[in-house]
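As they're listed, the protein sequences go chains Y and C.
Per the working numbering, residue 1 is the first one in the first sequence, and the count goes up by one each step.
Per the working numbering, residue 1001 is the first one in the second sequence, and the count goes up by one each step.
Working notes for the structure below.
2 protein chains.
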Amino acid sequence: MNPIAIGIHGGCGTLARDLQSTQDWAETEAALEASLRAAWTILKAGGSALDAVEAAVVVMEDSPHFNAGHGAALTENAEHELDASIMDGATLGAGAICAVRRIRNPIKAARAVMENSDCVLIVGDPADAFARRQGLAMVENGYFTTARRQQALASLKARKERGTLAAASEAERHGTVGAVALDAKGNLAAATSTGGFNNKPAGRVGDSPIIGAGTYARNGACAVSCTGQGEIFIRHAVAHDLWARMHYAAETLHRASDALIHDVMKPYKIGAGLVAVDAKGRIAAPYNTLGMARGWIGPDGVLHLGTHEEMKSLVLAS
Amino acid sequence: MNPIAIGIHGGCGTLARDLQSTQDWAETEAALEASLRAAWTILKAGGSALDAVEAAVVVMEDSPHFNAGHGAALTENAEHELDASIMDGATLGAGAICAVRRIRNPIKAARAVMENSDCVLIVGDPADAFARRQGLAMVENGYFTTARRQQALASLKARKERGTLAAASEAERHGTVGAVALDAKGNLAAATSTGGFNNKPAGRVGDSPIIGAGTYARNGACAVSCTGQGEIFIRHAVAHDLWARMHYAAETLHRASDALIHDVMKPYKIGAGLVAVDAKGRIAAPYNTLGMARGWIGPDGVLHLGTHEEMKSLVLAS
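Structure follows, in structure tokens:
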């Protein structure tokens, strides 16, 4: 059988251990595992990388423990504006939506844009309307809200008023989710979904829905999904740059990924991470913060996941 | 004196000669010349590439003969939704807005996002509100409307109903404007502004406001602004790819520009063009359609402009 692989991330940041309960961390890891297994089941059955990354992201969107879908960050107006994108490495087909408010699973809307419209990117209310016409599940904006994000927003606003907003807020700023996959036909795909960051200005859009910045996939080379301060990822077109380093400069996936996260991002002093897979199913998942929720199953069928430095491993039944 | 240069485009397409009167074509050329002269005056006085590209784009936004600002295309709802972006090659600072309705000069709002916010991209109504707070000139949405676009929209809708919509509509689909510049300090900058295309779906956003797709600038290499079917430019991250080809593969500006417009775009059978400048002030302006409104002034101080194959040249007083 040709190699297959799935890699996911649930955002990077300081991920301070005491910011969540032991149960919260356990649930986060369980969701990572469920996300990986959902994708793996598809890939093992000969399904497409596109179906796999969508399924992986949906699990994280539906979990309250990630900043995407249910559990997403709140804007300065205490609302949710969600962004997502998906790309098919076989065709370079791509779809994205941003600043949507009513779509239960934004990644499904991104895929519908790719497959059922002439657009790559639809923004705002028309994107919600498009998703509704596509028959996707719609929710009230409040569906996305969790007590944790409300508390974080209140805390951020209070600290901002007191002028004591510091780097400690980093933990509340990230949490984008993403997935990359290689299927048995050799096709690569990538998907990314986010709520942005807590207290973000209304209308602000980061790299997650931007093809070439937060998401990129191209057969024969790589698929990649990014997390971190989106403004810097856009300026460096990080996702496309990973492909360009491999394609034009013959860098390996690991070398290119490390260069982007550890060298290119260094002067900006921002949190940054990505997960990427190459055409052989090798996975890279570098980050420059204290932690990144992440996991992967490579061609060897071993599942790895973790939120901090140490990882758990699990040999899946073949 | 160090080399300085300005290059502009006013969109590519079939530009059928009989689609506009002789006077319209003369006015289009006059606007191109005014755009080039506005930028050149800034560059000659030691001004910045950023100021030059903004000034060049503002002239085209204010002219009814281009699909940006006044004269912009109409959406399927007979409204205007405008997109723009700008990038500073010296810092990689960037700003963009999309789906805005009330900002007289979208390129000024993009620059304000870059300089006066923590964002790179702001979308929709919040972008209009941001521009208003920045003190930029605001207009009613109808300010952007011209009789030509209204007629084109009516014609498109009629043909769509009759099912006779064909490639002939290409002429109405493009017209994005853009500018690239090299200043005496060696700094590069790029700017792009558009109304999208006539009868575009509400909420659809193309490559123009996407850093890395429609616009990119990085000192030491190139600045570039694209025009054409944005969906394909996003999928290939064309603007960043131009930089990547020069940086990683040591392609010249002309070779990289020609490869993108003539080779990469060929299988898609779409209209495509770009204008780009390198660190020595050399200008490339390839297009694969019958015409592209364009012009440039290189380090030799000779002004070139045209809308079709033949170009006019004018030696400027030094």
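Cβ atoms here follow ideal geometry from the backbone N, Cα and C, with glycine treated the same way.
Touch test, the stretch 75-94 of chain Y against the stretch 217-228 of chain Y, Cβ-Cβ under 8 Å, three pairs minimum | yes
Sub-9 Å separation of cysteine 1012 (chain C) and threonine 1289 (chain C) beta-carbons | yes
Would you be able to state if there are at least three C-beta pairs under 8 Å between the stretch 1253-1266 of chain C and the stretch 1293-1300 of chain C?
-> no
In the DSSP assignment, what are the bridge partners of tyrosine 1216 (chain C)?
-> C:Val1224
Answer yes or no: does any C-beta atom of chain C fall closer than 9 Å to that of serine 117 (chain Y)?
-> yes
Kindly list the residues whose CB is nearer than 6 Å to the CB of serine 35 (chain Y), restricted to its own chain and excluding five residues on each side of it in sequence; keep chain order.
-> Ile8, Ala56, Val59 and Met60
Report the three-state DSSP secondary structure of valine 1139 (chain C) (helix, strand or coil).
-> coil
Buried or exposed: glutamine 1023 (chain C), going by 16 or more other Cβ atoms within 10 Å of its Cβ?
-> exposed
Relative to the C-alpha of valine 120 (chain Y), which residue among C:Ala1256, C:Ile1234 and C:Arg1282 is closest?
-> C:Ile1234
Have a look at C:Glu1027, C:Ala1045, C:Gln1020 and C:Leu1032 and flag the residue whose alpha-carbon is nearest the alpha-carbon of alanine 1184 (chain C).
-> C:Ala1045
Residue-level contact to chain Y via CB, threonine 1133 (chain C), 9 Å cutoff | Reading off the sequence shown, one finds arginine at residue 1133 (chain C), where the question assumed threonine. No, no contact with chain Y.
Which runs of the alpha helix (DSSP H) fall wholly inside the stretch 1057-1139 of chain C and span at least 4 residues, in chain order?
-> 1106-1116 and 1125-1133
Mind the definition here: the stretch 47-55 of chain Y touches the stretch 120-133 of chain Y only if three or more C-beta pairs lie below 8 Å; say whether that holds.
-> no
Within 9 Å (strictly less), CB to CB, does methionine 87 (chain Y) reach chain C?
-> yes
Coil, strand or helix - lysine 269 (chain Y) by DSSP | coil
Using CA coordinates, which residue listed in Y:Ala78, Y:Val177 and Y:Ile107 is at the minimum distance from glycine 319 (chain Y)?
-> The shown model of chain Y, from 1 to 318, leaves out residue 319 (chain Y), and the question about it has no answer.
Closer than 7 Å by beta-carbon distance: list the chain C residues that pair up with glycine 124 (chain Y), in chain order.
-> Ala1099, Val1123, Gly1124 and Gly1203
Beta-carbon gap between alanine 1137 (chain C) and isoleucine 1103 (chain C) smaller than 9 Å | yes
Give a yes or no on whether the C-beta atoms belonging to serine 193 (chain Y) and alanine 110 (chain Y) are separated by under 9 Å.
-> yes
Partners in chain C for tyrosine 248 (chain Y), counting only beta-carbon separations shorter than 7 Å | Ala1244, Arg1245, Tyr1248 and Ala1249
Cβ of aspartate 24 (chain Y) within 9 Å of any chain C Cβ = no
Under 9 Å between C-beta atoms, does phenylalanine 1130 (chain C) make it to chain Y?
-> yes
Compile a chain-ordered list of the residues in the stretch 253-266 of chain Y whose CB is closer than 9 Å to at least one CB of chain C.
-> none
Within 10 angstroms of its Cβ, does asparagine 1187 (chain C) collect 16 or more other Cβ (buried), or is it exposed?
-> buried
Under 9 Å by beta carbon: chain C residues contacting alanine 127 (chain Y) | Gly1203
Interface flag, aspartate 1241 (chain C) vs chain Y, CB-CB below 9 Å | yes
Put arginine 204 (chain Y) into one of helix, strand or coil per three-state DSSP.
-> strand
Return the chain-ordered list of same chain residues with a C-beta closer than 7 Å to the C-beta of isoleucine 1042 (chain C), the five sequence neighbours on each side being excluded.
-> Asp1051, Ala1052 and Ala1055
CB contact flag (phenylalanine 1130 (chain C), proline 209 (chain Y), <9 Å) = no
Assumed close pair proline 286 (chain Y), aspartate 258 (chain Y) - CB separation to whole angstroms, cut-off 8 Å = 5 Å
With alanine 39 (chain Y) and alanine 179 (chain Y) assumed to form a contact (beta carbons below 8 Å), what rounded beta-carbon distance in angstroms separates them?
-> 7 Å
Interface partners of isoleucine 234 (chain Y) on chain C, CB under 8 Å = Ala1094, Val1120, Leu1121, Ile1211 and Gly1212
Output, in sequence order along the chain, the residues in the stretch 59-76 of chain Y whose CB is closer than 7 Å to any CB in chain C.
-> none
By how many angstroms is the C-alpha of alanine 181 (chain Y) removed from the C-alpha of alanine 190 (chain Y)?
-> 7 Å
Under 9 Å between beta-carbons, which chain C residues line up against glutamate 231 (chain Y)? List them in chain order, please.
-> Ala1094, Asp1118, Cys1119, Val1120 and Leu1121
Using the rule of at least 16 other Cβ atoms within 10 Å of the residue's Cβ for burial, across every protein chain shown, is serine 1063 (chain C) buried or exposed?
-> buried
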